[in-house]
């Protein structure tokens with residue numbers, strides 16, 4: 028057997044197990060503690076898989092909730108159990124890092140609808156003994172946040188020191204600040220938007236149609252059929268990945284460079300490096316992510332329109348809030364643009380909130396929030412330091428800046 | 028049988044017939060007149076399907092070649108034989124229109140690799156009695172242009188008064204001007220680029236992978252199998268279509284408006300108008316276009332890099348040219364940007380060419396070149412009028428501006 032196929036099958040099997048037996052802490056809410064969902068139904072039982080880093084202090088005032096993006100998960104700063112790669116925000120979270128685990132207690136949950144242990148379409152539906160598939164009610168950003176609040180209650184934390192996250196994670200930050208203003212001391216929404224634009228919805232719809240076009244999708248019942256819509260999910264990921272990088276970054280990184288050849292082959296092979304790169308992004312993604320989960324999380328973003336819940340006024344969502352905000356955008360991000368962040372800032376200002384806004388000059392596009400962007404890292408550190416002083420948190424014990432990523436080569 | 032299915036099957040069948048029995052003029056070049064292709068092989072026999080509008084004058088000095096874009100065809104100003112819709116540039120070409128058929132003789136060919144009668148992957152390969160499929164050599168923009176030159180020779184035309192086209196059509200314009208400078212009096216490249224960027228290639232690659240992921244693609248042999256990769260081609264079209272419209276235009280046209288409902292359905296239905304619109308773009312496209320042709324024309328664009336044939340200097344491609352150029356871009360076009368047009372203009376200036384450059388303010392994105400954009404229409408008319416005077420062409424007989432689209436409601 029082809030060794031590559033074996034590895035792929037092993038990771039796919041691991042991915043499926045992760046949905047019900049995650050390598051994470053887990054809390055299970057029973058039938059008596061249902062999640063009331065925006066779809067108008069209750070979800071119970073509900074499992075939430077989460078990770079923590081650092082130590083919760085005695086008065087439980089140093090907790091930072093990190094919310095993950097579309098295909099992220101709770102493995103923020105520890106190795107991913109399937110890919111074995113470092114956590115997706117290792118650059119930001121850890122001892123001596125801006126989100127300093129010597130000082131803060133960091134919590135991250137897999138979102139409802141995800142596939143890494145929190146109840147999602149790949150989880151076993153106890154009512155049927157089969158995976159939920161599309162029987163799981165549609166999930167909204169607010170549902171994700173309400174589930175997180177159940178976990179925070181369970182941990183006995185009244186007020187989060189900070190809620191932080193980029194992209195879909197930033198939407199959760201905004202929803203937290205709007206839904207639970209008294210429980211959020213500081214909020215750090217990064218590279219995000221208060222609603223999905225028409226173009227945002229369009230790209231997500233292409234991805235969903237690519238998945239549903241794959242005959243192995245089986246109307247969402249592929250896990251029972253023992254197949255997987257690998258090709259459809261891969262195409263969806265490729266299309267999405269283009270939106271994560273700026274035109275300039277693609278041009279400077281790949282341009283028209285050929286992949287391991289001197290001249291084009293006059294064929295449909297991956298002649299260009301960018302083609303090879305995209306194909307790799309597609310095929311590696313399917314080993315760690317569930318296709319139905321992709322449908323759910325993209326739909327959650329599309330439905331997100333925070334102002335709509337406040338009579339169309341985003342300012343009303345934040346009216347009178349005591350939360351201190353730091354809004355961060357990246358100038359070359361064309362998925363969630365600087366203009367989208369500015370709209371959030373305007374609403375916060377109109378709502379009377381304390382807000383700082385940092386629009387970072389970079390050519391790395393949307394994915395900049397995952398990368399070593401010195402100004403972004405310094406901004407996060409500075410915002411949290413100031414908030415921590417205001418919150419009366421002591422400096423980190425034994426903290427050292429020598430580990431900070433500014434001084435590292437990535 | 029579902030009436031919609033019947034219509035779809037009828038148009039699909041019509042589309043397949045169109046590849047070998049087009050509703051167009053046709054010229055067939057035999058084995059003695061092969062097309063020497065960039066792939067290093069010769070293509071013979073070669074059929075070119077084309078349309079003409081207006082009358083060629085006695086000294087054959089009033090011919091305008093209109094080159095079509097990716098999925099366009101030779102039906103510039105007359106009804107499309109499959110969709111029955113008006114030609115794709117009816118707004119620009121016709122009696123009294125800017126490309127005035129009372130004054131000019133307009134020629135348009137289906138490109139090599141297309142599916143409307145010119146030899147392409149859906150055409151019957153006389154050597155095998157089966158459709159070419161992927162046995163057709165890869166086609167480049169230069170191959171398309173060289174085939175057009177064979178037709179122009181056949182028509183006895185030495186010098187074209189103008190070569191005009193948008194998008195992939197504009198690439199052909201640039202290639203014509205570079206390959207045959209003495210045969211092009213005026214050139215009008217619109218909303219185009221002298222090479223495909225990394226992001227351009229990336230979007231095309233997503234489309235190709237979507238097609239190839241469809242099991243009905245059958246490694247390109249679907250016509251013999253009696254199936255069609257409808258879903259894959261539809262997804263490819265949806266992804267591409269996003270790039271044809273600006274973010275602003277999508278937002279003002281569709282925003283987050285729901286499709287025929289008051290509230291979201293909490294399902295994966297096309298709740299949003301933009302979803303419905305994109306799905307329609309996808310499904311209607313497959314009735315008129317061949318999936319393998321889509322692979323070929325996208326690849327031709329990806330391979331296009333005019334400067335590469337001139338030692339990396341675009342200026343050398345145009346050195347000493349006598350052709351007068353008008354380069355047109357649209358400010359909200361993010362597929363082939365203003366910057367890409369400016370690069371062409373810089374090269375033309377460096378090559379000593381006569382060039383005017385018009386960057387049109389519009390929010391309609393790349394597709395603006397197909398729409399009623401008054402400044403663009405006036406620019407085209409003005410450029411051609413001035414060139415016609417320089418060429419000594421008499422004013423149009425019986426021409427009237429009352430038909431000009433500026434005064435119409437689209």
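Protein chains in written order, with the working numbering: chain A, 28 to 437; chain B, 28 to 437.
We treat Cβ as the ideally placed atom computed from N, Cα and C, and that holds for glycine.
Let me check one thing: in DSSP terms, what residues is residue 136 of chain B bridge-paired to?
Locating residue 136 of chain B in the second chain gives position 109, counting from the first residue. DSSP lists B:77 as partners of residue 136 of chain B.
Go through its chain and collect everything with a Cβ distance to residue 30 of chain A's Cβ below 7 Å, but skip five positions before and after it.
Along the first chain, read from residue 1 onward, the residue named residue 30 of chain A stands at position 3. Residue confidence is low: residue 30 of chain A scores 48 on pLDDT, short of 50, so the model does not pin down where it sits. Its coordinate-derived value is still stated next. Here the set comprises nothing.
Can you pull out the residues from the stretch 210 to 230 of chain B whose beta carbon lies closer than 8 Å to at least one beta carbon of chain A?
From the stretch 210 to 230 of chain B, only 222, 223, 224, 225, 226, 228, 229, 230 have a Cβ closer than 8 Å to chain A.
Using a Cβ-Cβ cutoff of less than 7 Å, which residues in the same chain neighbour residue 435 of chain B once the five nearest sequence positions on both sides are dropped?
Within the second chain, the letter at position 408 stands for residue 435 of chain B. Confidence at residue 435 of chain B is low in this model, with a pLDDT of 35, below 50, so the placement of that residue should be treated as unreliable; the coordinate-derived value is given next. There are no such residues.
Using a Cβ cut-off of 9 Å (strictly closer), state whether residue 1 of chain A contacts chain B.
Only positions 28 to 437 of chain A appear in the structure, and residue 1 of chain A is not among them; the question remains open.
Nearest-angstrom Cα distance between residue 129 of chain A and residue 123 of chain A?
On the first chain, residue 129 of chain A is found 102 positions in, with the first residue counted as 1. On the first chain, residue 123 of chain A is found 96 positions in, with the first residue counted as 1. So the alpha carbons of these two residues sit roughly 7 Å apart.
For residue 67 of chain B, would you say it is in contact with chain A, using Cβ-to-Cβ distances shorter than 9 Å as the test?
Here residue 67 of chain B refers to the residue found at position 40 when the second chain is read from its first residue. Residue 67 of chain B counts as touching chain A.
Against chain A, does residue 341 of chain B count as a neighbour if the rule is that its beta carbon must be under 9 Å from one of theirs?
Position 314 of the second chain holds residue 341 of chain B. No, because no Cβ of chain A sits closer than 9 Å to the Cβ of residue 341 of chain B.
With distances taken from CA atoms, which of A:47, A:189, A:205, A:154 is nearest residue 169 of chain A?
Here residue 169 of chain A refers to the residue found at position 142 when the first chain is read from its first residue. Taking only the C-alpha atoms, the option nearest residue 169 of chain A is A:205.
On the DSSP letters alone, give me the boundaries of the alpha helix (DSSP H) that residue 386 of chain B sits inside.
The residue labelled residue 386 of chain B in the question sits at position 359 within the second chain. Per DSSP, residue 386 of chain B belongs to no alpha helix (DSSP H); it is in the beta strand (DSSP E), 381 to 387.
What do you get for residue 240 of chain B, buried or exposed, if any count of 16 or more other CB atoms within 10 angstroms of its CB means buried?
Along the second chain, one-based indexing puts residue 240 of chain B at 213. Its Cβ being crowded by 16 or more others within 10 Å, residue 240 of chain B is buried.
Look at the Cβ atom of residue 355 of chain A, then the Cβ atom of residue 396 of chain A, and state whether they are nearer than 9 Å.
In the first chain, the residue the question calls residue 355 of chain A occupies position 328. In the first chain, the residue the question calls residue 396 of chain A occupies position 369. Yes, the Cβ-Cβ distance between residue 355 of chain A and residue 396 of chain A is below 9 Å.
Can you list, in chain order, the residues of its chain whose CB lies under 7 Å from that of residue 326 of chain A, leaving out five sequence neighbours each side?
On the first chain, residue 326 of chain A is found 299 positions in, with the first residue counted as 1. Taken in chain order, the residues that qualify are 165.
So, using beta-carbon positions, are residue 381 of chain A and residue 218 of chain A closer together than 9 Å?
Along the first chain, read from residue 1 onward, the residue named residue 381 of chain A stands at position 354. Along the first chain, read from residue 1 onward, the residue named residue 218 of chain A stands at position 191. No, they are not a contact pair.
Evaluate the contact criterion for the stretch 223 to 239 of chain A versus the stretch 140 to 154 of chain A: three or more CB pairs, one atom per stretch, below 8 Å.
Flag = no, the stretch 223 to 239 of chain A and the stretch 140 to 154 of chain A do not touch.
Whole-angstrom Cβ separation of residue 261 of chain A and residue 149 of chain A, contact assumed at under 8 Å?
Position 234 of the first chain, counting from 1, holds the residue named residue 261 of chain A. Position 122 of the first chain, counting from 1, holds the residue named residue 149 of chain A. With 8 Å as the limit, residue 261 of chain A and residue 149 of chain A do not qualify as a contact, their Cβ atoms being about 17 Å apart.
Whole angstroms is fine: what's the gap from residue 437 of chain A's alpha carbon to residue 265 of chain A's?
Taking the first residue of the first chain as 1, we reach residue 437 of chain A at position 410. Taking the first residue of the first chain as 1, we reach residue 265 of chain A at position 238. Only weak support exists for where residue 437 of chain A lies, its pLDDT of 32 falling under 50; the value from the coordinates is given anyway. If you take the alpha carbons of residue 437 of chain A and residue 265 of chain A, they lie about 24 Å apart.
Assuming contact is defined by CB atoms lying nearer than 9 Å, are residue 233 of chain A and residue 404 of chain B in contact in what I supplied?
The count along the first chain starts at 1 and reaches residue 233 of chain A at position 206. The count along the second chain starts at 1 and reaches residue 404 of chain B at position 377. For residue 233 of chain A and residue 404 of chain B, no; Cβs fall outside 9 Å.
Applying a beta-carbon distance threshold of less than 8 Å, which residues of chain B neighbour residue 326 of chain A?
Residue 326 of chain A sits at position 299 when you count from the first residue of the first chain. Going along chain B in sequence order, the residues near residue 326 of chain A (Cβ under 8 Å) are 295.
Only counting the same chain, and skipping five residues up and downstream in sequence, which positions put a Cβ closer than 6 Å to that of residue 38 of chain A?
Here residue 38 of chain A refers to the residue found at position 11 when the first chain is read from its first residue. Correct list, in chain order: 109, 314.
Quick check on residue 312 of chain A: does DSSP put it in helix, strand or coil?
Taking the first residue of the first chain as position 1, residue 312 of chain A is located at position 285. Here residue 312 of chain A sits in helix by DSSP.
Report the CB separation of residue 331 of chain B from residue 223 of chain B in whole angstroms; it is logged as a contact under 8 Å.
Counted from its first residue, the second chain places residue 331 of chain B at position 304. Counted from its first residue, the second chain places residue 223 of chain B at position 196. Indeed, because the Cβ distance is near 6 Å, the residues count as touching under 8 Å.
Taking Cβ positions only, does residue 322 of chain B come closer than 9 Å to chain A?
Position 295 of the second chain holds residue 322 of chain B. Chain A contact via Cβ: present.
Note down the Cα distance separating residue 276 of chain A from residue 361 of chain A, rounded to an integer number of angstroms.
The count along the first chain starts at 1 and reaches residue 276 of chain A at position 249. The count along the first chain starts at 1 and reaches residue 361 of chain A at position 334. When rounded, the distance between both Cα atoms is 12 Å.
Taking 8 Å as the threshold, find out whether the stretch 330 to 348 of chain A comes into contact with the stretch 245 to 256 of chain A through three or more Cβ pairs.
Verdict: no, contact absent.
Could you run through the stretch 155 to 166 of chain B and flag, in chain order, every residue whose CB is less than 9 Å away from some CB of chain A?
Residues passing the 9 Å Cβ filter: 161, 164, 165.
Excluding the 5 residues preceding and the 5 following residue 196 of chain A in the sequence, name in chain order all residues of the same chain whose CB lies nearer than 6 Å to its CB.
Walking along the first chain from the start, residue 196 of chain A turns up at place 169. Contacts found: 94, 95, 96.
Using the C-alpha atoms, what's the distance from residue 290 of chain A back to residue 193 of chain A?
Along the first chain, one-based indexing puts residue 193 of chain A at 166. Along the first chain, one-based indexing puts residue 290 of chain A at 263. If you take the alpha carbons of residue 193 of chain A and residue 290 of chain A, they lie about 40 Å apart.
Would you mind stating whether residue 139 of chain B and residue 70 of chain B have Cβ atoms separated by less than 9 Å?
Residue mapping note: residue 139 of chain B aligns to position 112 of the second chain, counting from 1. Residue mapping note: residue 70 of chain B aligns to position 43 of the second chain, counting from 1. Yes, Cβ-Cβ distance for residue 139 of chain B and residue 70 of chain B is below 9 Å.
Does DSSP put residue 21 of chain B in a helix, in a strand, or in coil?
Outside the shown range of chain B (28 to 437) lies residue 21 of chain B, about which nothing can therefore be said.
Using a C-beta cutoff of 9 Å, does residue 305 of chain B count as contacting chain A?
The residue given as residue 305 of chain B occupies position 278 in the second chain. Taking Cβ atoms only, chain A reaches closer than 9 Å to residue 305 of chain B, which makes this a yes.
Starting from the Cα of residue 301 of chain B, find the closest Cα among B:288, B:278, B:312 and give me that residue.
On the second chain, residue 301 of chain B is found 274 positions in, with the first residue counted as 1. Looking at the Cα atoms, B:278 is the closest of the given residues.
For residue 54 of chain A and chain B, any beta-carbon pair shorter than 9 Å?
Taking the first chain and counting its residues from 1, the one referred to as residue 54 of chain A is at position 27. By this cut-off, residue 54 of chain A is not an interface position.
I need the DSSP call for residue 375 of chain B, collapsed to helix, strand or coil.
Taking the second chain and counting its residues from 1, the one referred to as residue 375 of chain B is at position 348. The answer is helix: DSSP assigns residue 375 of chain B an H, G or I state.
Quick check: the Cα distance between residue 63 of chain B and residue 176 of chain B, rounded to an integer number of angstroms?
In the second chain, residue 63 of chain B corresponds to position 36, counting from 1. In the second chain, residue 176 of chain B corresponds to position 149, counting from 1. Spanning the two alpha carbons is a distance of roughly 12 Å.
Taking its Cβ as the centre, do 16 or more other Cβ atoms sit within 10 Å of residue 58 of chain A, making it buried, or is it exposed?
Looking up residue 58 of chain A in the first chain gives position 31. With fewer than 16 other Cβ atoms within 10 Å, it is exposed.
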